[in-house]
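What follows is a set of notes on a single structure, which appears directly below.
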Amino acid sequence: MPTPHNAACVGDIAKVVLMPGDPLRAKVVAQRYLSDVRLFNNVRGMLGYTGTYKGVPVSVMGSGMGIPSIGIYSWELYNVYDVDAIIRIGSAGGLAPHVRLRDIVMGQGACTDSNYAASFGMPGTIAPICDFGLLRAAVRAAEDLGVRYSVGNLLSTDVFYCESAVHEAWASMGVLAVEMEAAGLYLNAAKADKKALGIMTVSDLPLTGEGLSAEERQESFTQMMEVALQTAVAVYG
Numbered sequence: 036m037p038t039p040h041n042a043a044c045v046g047d048i049a050k051v052v053l054m055p056g057d058p059l060r061a062k063v064v065a066q067r068y069l070s071d072v073r074l075f076n077n078v079r080g081m082l083g084y085t086g087t088y089k090g091v092p093v094s095v096m097g098s099g100m101g102i103p104s105i106g107i108y109s110w111e112l113y114n115v116y117d118v119d120a121i122i123r124i125g126s127a128g129g130l131a132p133h134v135r136l137r138d139i140v141m142g143q144g145a146c147t148d149s150n151y152a153a154s155f156g157m158p159g160t161i162a163p164i165c166d167f168g169l170l171r172a173a174v175r176a177a178e179d180l181g182v183r184y185s186v187g188n189l190l191s192t193d194v195f196y197c198e199s200a201v202h203e204a205w206a207s208m209g210v211l212a213v214e215m216e217a218a219g220l221y222l223n224a225a226k227a228d229k230k231a232l233g234i235m236t237v238s239d240l241p242l243t244g245e246g247l248s249a250e251e252r253q254e255s256f257t258q259m260m261e262v263a264l265q266t267a268v269a270v271y272g
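If you're matching positions, the sequence shown starts at 36 in the working numbering and goes up one per residue.
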C-alpha cells in the first residue's frame, strides 16, 4: 500500500530503481530513455516513474538531498515495495588527484561523517559497501561505452559547505570524490539484504575550484545515465 512519502502500490515499481537526487532529473531520465512510462509518485514533488529500457522494466525516482532523505525513500523501496536494487545517479566533487571533470566515479565503498550508521546499533564501525554484481556490470558498461571511470571510496557528507582542509584530509586517504547520499543507501541495502551502487559524474573539483558549465554537466550526466541503464539491463535483463 502507499506510504506517507510514496503513492505507489506494490507492483508499480520495478525491481531495479535509478535514483538521482533531483526529482526533475528523474523526469528527464524517464522521458528520454524509458518506453511505456507511467508516473507512480508525486508526493512532495518527489517524482517517480516506471517504464522499460531495451525491454527491461526500470523505475527512476528522486531521493532528495542528503542521507536522511535517501534514507527514507530507499528504506521504503526496499522494505515496502520489494525493490531489489537501487543505483544512485548524481553528481560528485572529485578529490583524488587523478580524478578529472566529467569522469564517472563508482563507489565501491562510502566513508561518511554522518551518524546515520549509529541507528543500526552495531558494536563497532560498519563500512558501507556496494553490491559487487552491480559494480562489475557498471564497470563493463563504462568500458563498452568508452567512458573514463574510477572505482573506489566515496565520502558521503552531511556538510555541503566546508573548509578545504576537510576535503584534503579525505583525499589523503585515497577517497575519490565527495557526495551526500551513498553511505545511507548502502547501509539500508545491507540491512534489507538488497543491492545498491552509486554511480556519479564529477561535476566539480573542490580542491581547485574547477567546475563544469550547465551544458558540460548535461553531456557528462548523459554518459552516467547510460552506464546506469546498461547496468540495469545487464543484471535484470
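Even for Gly, the Cβ is constructed at its ideal location relative to N, Cα and C. Since we're looking at a predicted model, the values are computed, not measured.
(message) Along the chain, where does the alpha helix (DSSP H) containing L264 start, and where does it finish?
(response) A249 to Y271
(message) Suppose contacts are defined by Cβ-Cβ distances below 8 Å. Is V93 in contact with G99 by that definition?
(response) no
(request) Report the three-state DSSP secondary structure of D193 (helix, strand or coil). (result) coil
(request) Give every residue of the same chain whose Cβ lies closer than 6 Å to the Cβ of G219, excluding the five residues on either side of it in the sequence, and list them in chain order. (result) I102, I105, G106 and Y151
(request) Compute the Euclidean distance between the alpha carbons of F167 and F195, then round it to the nearest angstrom. (result) 28 Å
(message) Need the endpoints of the beta strand (DSSP E) that L74 sits in, please.
(response) S70 to N76
(message) By the three-class DSSP mapping on this structure, what secondary structure does I150 have?
(response) The residue you asked about is not Ile; residue 150 is Asn in the sequence shown. Reduced to three states, the DSSP call for N150 is coil.
(request) Give the DSSP bridge partners of V91, in chain order. (result) Y88
(request) Report buried or exposed for M208, applying the criterion of at least 16 other Cβ atoms within 10 angstroms of its Cβ. (result) exposed
(message) Quick check on D166: does DSSP put it in helix, strand or coil?
(response) coil
(request) Could you tell me which residues DSSP pairs with M54 in its beta bridges? (result) R123
(request) Give me the Cα-Cα distance between Y271 and G90, rounded to the nearest whole angstrom. (result) 10 Å
(message) Please report the distance separating the alpha-carbon of L211 from that of V268.
(response) 26 Å
(message) Quick test of the definition: if touching needs 3 or more C-beta pairs under 8 Å, does the stretch 149 to 165 touch the stretch 248 to 258?
(response) no
(request) Measure the CB-CB distance between A145 and G233 and report whether it falls below 8 Å. (result) yes
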